[in-house]
Ligand SMILES: [Zn+2]
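Numbering (the numbering used here), first residue to last: 111 to 285.
Here it is, written out as structure tokens:
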């Protein structure tokens, strides 16, 4: 089921989300709504609080677009009860936006570790560890932040903030 993205200002987006039991019917329902909503809203990741469920679940998928670097494409992944167990000391600056911040209408530069290792459960409750770098590492950190009520605008330097149109112009794309 496609859900509206909960927007900044709604207390739900600032809530610390709770761990969930897996496998469970509830978790399956949340994951399926997240996947549908992420694709509908054209996002590369979406966390359960963004669809109004304060649970520790997020999904990621870097789909092919005209402007996206083909090397950054990544298949659909589901993370339940995730924990970042290692972050690189090397940090990088990168652009971020968020479906919950003015419906992806604002972009800003955020400094984050270049790579992370995350431990999580899949939809069947099986534990796994994933080492990610580049765009996927950034998405994972952004989504884990959502589970703790943190938004990218809390981490972005405010002088880098741009409207979506100005951001696309600055990237040399049509607004
Ligand atoms: Zn977000």
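Ideal Cβ placement from N, Cα and C applies to all residues, glycine included. Because the structure is a prediction, the values reported are computed rather than measured.
Each residue's CA atom was taken as its position, placing residue 274 and residue 250 some 22 Å apart.
Proximity to residue 234 across 188, 271, 181 peaks at 188, based on C-alpha coordinates. Sequence-distant partners of residue 262 (beyond 5 residues in either direction) whose C-beta falls short of 8 Å from its own C-beta, in its chain, are 206, 207, 208, 211, 218, 220, 252, 255. If you compare the alpha carbons of 180, 222, 146 with that of residue 170, the shortest gap goes to 146.
Here residue 228 really is in contact with residue 194; their C-beta atoms are around 5 Å apart, less than 8 Å. Distance between residue 138 and residue 144, taken at the CA atoms: about 10 Å. Residue 264 and residue 157 have their C-alpha atoms roughly 17 Å apart. The continuous alpha helix (DSSP H) containing residue 251 extends over residues 244-257.
In the three-state scheme derived from DSSP, where H, G and I count as helix and E and B as strand, residue 193 is classed as strand. As DSSP reads the structure, residue 220 sits in a beta bridge with 204. In the same chain as residue 214, and ignoring 5 residues on each side of it, the C-beta atoms closer than 6 Å to its own belong to 207, in chain order.
Residue range 262-265 is occupied by the alpha helix (DSSP H) that includes residue 263. Annotation for residue 151: 115, 209 place their beta carbon closer than 7 Å to its own, counting only its chain and skipping 5 residues before and after. It is roughly 43 Å from the alpha-carbon of residue 130 to the alpha-carbon of residue 282.
At a cut-off of 7 Å, the beta-carbon of residue 235 does not count as near ligand 1: no heavy atom of the ligand is closer than that.
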